[in-house]
Amino acid sequence: MPDKSIFEELKEKGVSRRDFMKLCGTVAGAIGLTYLPPVKLNGASAKLGRSYKPAALVAKALATKSRLPVIWLEFQDCAGCSEALTRSQSPTLVDLVLNQITVEYHETLSAAAGFQADDAKMAAMKKYAGKYVLVIEGSVSPKDGGVYCTIGGKSSLALLQEAAAGAAAIIATGNCAAFGGLPKANPNPTGAVSVSEALPGKTILNIPGCPAIPEVFTGTLAHFLIFGTLPELDQLNRPKTFYGNTIHDRCLRRPFYEAGKFASSFDDEGAKQGYCLYKLGCKGPTTYNACASLKWCGGLSFPVQSGHPCLGCSEPNFWDGGGFYQGQSAPLDRPALVTAGAALATGAVIGAGAAAANHAQKKTAEHDEKKEK
Ligand code: SF4
Ligand code: F3S
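Counting in my numbering, the sequence shown runs from 133 upward without gaps.
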């Protein structure tokens, strides 16, 4: 691990103290740090310790800490989370954080390949034992001895267990690693499981999404870098700072939802007027993620703003959860949906297209019922 502090390294690259403080403010904002008041104990009026403004707290940490070693493994994935991160449009935050970690091993980004890359990974795991952050992208496949996903002759489960043993923290990035994602969708031929399922008993920090929002990933990593601990997590082990609100909570179409104005097709007058997309299957009311506030592409837009319903990509059962364009996430149209599902189930509609719709509707109703239980 480099001996220099992060600030010393930045200084050598020509970053001034003033710019450094600006960057610290960016990081503090990204990880949701607020002003920390002076500590008081048992109601005592005396101030114990100093108060910190968020940027100063980040600066203090970065001025003393050295870079964070990261080992990044990919299993059953499309590399979309890595792609999103490397193509992020917000260089100040992402560059800052990525410059402050040393990626010791990454299957997509690594210049080395084959045995050379594998040797580098083993050496890094030994050198930084107990100190590195392990990032997993993609689901794990333990079925049939792990034959469906092997790298260098080792199964994904064996590789995960090997790397997890010496990790200071484990992050599952993207829906596939966090909840199984597309590989786990019915009929799940490879027996795909999430990292949490593959490593029972270990605390796994989940950053779900398809892909994960780059700023959410880097913000979470920045928290670990600065405090040496995981941020506060929700019941699905997602950082509360980023997953504390639903898409619906912050949606710019929300006034139309409240007013009962819905688009009924993708090209009707309602869609043109920017009406709520709930009736087109928007799962924003039950999807916790930061898209509506952080947005994508440097804050430019996010799916719902661009005219597409939220698909619920940061939630478990994302692919099998009722079909993309069937409303299923909140009770607004539930009676109508269940009635439609029942009608289809009794064979009221015949034909191949109808059979597909029938299946999807049944799934929707089953999913709704499960959610209600
Ligand atoms: Fe926005 Fe979807 Fe909620 Fe409508 S249902 S307000 S489009 S999140
Ligand atoms: Fe995913 Fe919905 Fe955001 S589909 S990208 S959580 S708006």
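For glycine and all other residues, C-beta sits at the position ideal for the given N, C-alpha and C.
task: Take the Cβ of Cys-342 as the centre, count every other Cβ of all protein chains shown within 10 Å, and call the residue buried at 16 or more, exposed below.
output: Classification for Cys-342: buried.
> Roughly how far, in whole angstroms, is the beta-carbon of Ile-303 from the beta-carbon of Leu-337, given that I think they are within contact range, below 8 Å?
Replying inline: The C-beta distance from Ile-303 to Leu-337 rounds to 5 Å, short enough to fall under 8 Å.
Residues of its chain near Phe-152, where Cβ-Cβ distance is below 8 Å and the 5 sequence neighbours each way are ignored: So the list reads Phe-139, Leu-142, Lys-143, Ala-191 and Leu-194, once near-sequence residues are dropped.
*Does the stretch 379–396 touch the stretch 434–454, meaning 3 or more C-beta pairs lie closer than 8 Å?*
Verdict: yes, contact present.
Answer yes if the stretch 322–338 comes into contact with the stretch 403–423, meaning at least three C-beta pairs across the two stretches below 8 Å, and no otherwise.
-> The stretch 403–423, when compared against the stretch 322–338, does not touch it at the 8 Å Cβ threshold.
Pro-201 - partner residues in DSSP beta bridges: For Pro-201, which the question treats as bridged, DSSP gives the partners Thr-234.
Per DSSP, which residues does Pro-315 bridge with? Please list them.
DSSP lists no partner for Pro-315.
Going by DSSP in three states, Cys-414 sits in which element: helix, strand or coil?
Cys-414: coil per DSSP, three-state reduction.
Item to complete: Pull up the distance between the alpha-carbon of Ala-188 and that of Ser-137, whole angstroms please.
Response: Cα to Cα, the separation comes out at about 16 Å.
Exercise. Below 7 Å CB to CB, which residues in the same chain sit around Glu-196 once its five sequence neighbours on both sides are set aside?
Key: The amino acid at residue 196 is misidentified as Glu; the sequence shows Thr. Around Thr-196, the same chain offers Ser-137 as residues with beta carbons nearer than 7 Å, after the five sequence neighbours per side are excluded.
| message | Comparing C-alpha positions only, which one of Phe-388, Val-348, Lys-393 and Gly-277 sits nearest to Pro-371? | response | For Pro-371, the nearest C-alpha among the options comes from Val-348.
Report task. Flag Phe-311 as yes when its Cβ comes closer than 7 Å to any non-hydrogen atom of ligand 2, and as no otherwise. Result -> The answer is no for Phe-311.
Given Gly-444 as reference, the closest of Cys-414, Lys-427 and Trp-204 once Cα atoms are compared
It is Cys-414 whose Cα lies nearest to the Cα of Gly-444.
Problem set entry | Three-state secondary structure assigned by DSSP to Val-272 | Strand, per DSSP.
query = Skipping 5 residues on each side, what residues in its chain have a beta carbon closer than 6 Å to that of Pro-441?
reply = Counting only Cβ-Cβ distances below 6 Å, and skipping sequence neighbours, we find Leu-409, Leu-412, Gly-413 and Cys-414.
Exercise for the section: Please state if the CB of Gly-313 and the CB of Ser-271 are separated by a distance shorter than 8 Å. Expected result: Yes, Cβ-Cβ distance for Ser-271 and Gly-313 is below 8 Å.
Check your understanding: Mind checking whether the beta-carbon of Arg-150 lies closer than 7 Å to any heavy atom of ligand 1?
Key -> No - ligand 1 has no heavy atom lying nearer than 7 Å to the Cβ of Arg-150.
Looking only at C-alpha atoms, which of Thr-335, Ser-198 and His-238 sits nearest to Ala-211?
-> Measuring C-alpha to C-alpha distances from Ala-211 to each of Thr-335, Ser-198 and His-238 identifies His-238 as the nearest.
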